[in-house]
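Under the numbering used here, the sequence shown has 88 at position 87, and the numbering climbs by one with no breaks.
The next block holds one structure in the form of structure tokens; read it before the comments.
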Amino acid sequence: MDFEFEKRWREVVSQLENSFGEEIDLEAILFLIGVQELGKGVEKFSKDEKLNLMHIAICTVLEPFGYYEFSHLDKEGWPHFEKVKNLPFLSDKDQKELMRRAVVEYFEKEGLFMNPEQTF
């Protein structure tokens, strides 16, 4: 087990739970990353928009791994990505692990780790 990674993952989850006051899972974190990347702030999203936000987050966090590449913003300001290479076949457990690692790297790259006193 990679204890340093697990520590960083727990820091991400803890920060978000402290900010939002409730338990948060990987899907919720990805949704928040999608909202962050869209850059429009808090608003009411349709079901399709929520799925698109998840897609934005997945593409964004997997971009440094070489799976996706940012393409452009559409006329409404939504980011679009090109698939660069296919993801390898992964078990559900390994998929979750890849996404968790990608999220931690995203938080590190974006400078989103905070002091315990700070909130989002």
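We treat Cβ as the ideally placed atom computed from N, Cα and C, and that holds for glycine.
No experiment lies behind these values; they were computed from the predicted model shown.
Just how far apart, CA to CA, sit W79 and A103? A103 has its alpha-carbon roughly 21 Å from the corresponding atom of W79.
Determine the DSSP secondary structure at V105, reduced to helix, strand or coil. DSSP places V105 in the helix class (H, G or I) of the three-state scheme.
First and last residue of the uninterrupted beta strand (DSSP E) at E83: Counting along the chain, the beta strand (DSSP E) containing E83 begins and ends at 80 to 84.
Would you call the region 25 to 44 and the region 53 to 60 touching, i.e. three or more CB-CB distances under 8 Å? Verdict: yes, contact present.
From G109 to P89, what does the alpha carbon distance come to, in whole angstroms? Note on identity: in this sequence residue 109 is Glu, with Gly being the wrong assignment. Those two C-alpha atoms are separated by around 24 Å.
How would you call Q96, buried or exposed, if buried means at least 16 neighbouring beta carbons within 10 angstroms? A residue is called buried once 16 or more other Cβ atoms fall within 10 Å of its Cβ, and Q96, having fewer, is exposed.
Is Y107 near V85, with beta carbons less than 9 Å apart? Cβ distance not < 9 Å, so Y107 and V85 don't count as in contact.
Check whether M100 and L17 have beta carbons under 9 Å apart: In this structure, L17 does not lie closer than 9 Å to M100 by Cβ.
DSSP three-state assignment for S15, whether helix, strand or coil: When secondary structure is reduced to three states using DSSP, S15 falls in the helix class.
Distance, Cα to Cα, D75 vs N19? Note on geometry: alpha-carbon atoms of D75 and N19 lie some 34 Å from one another.
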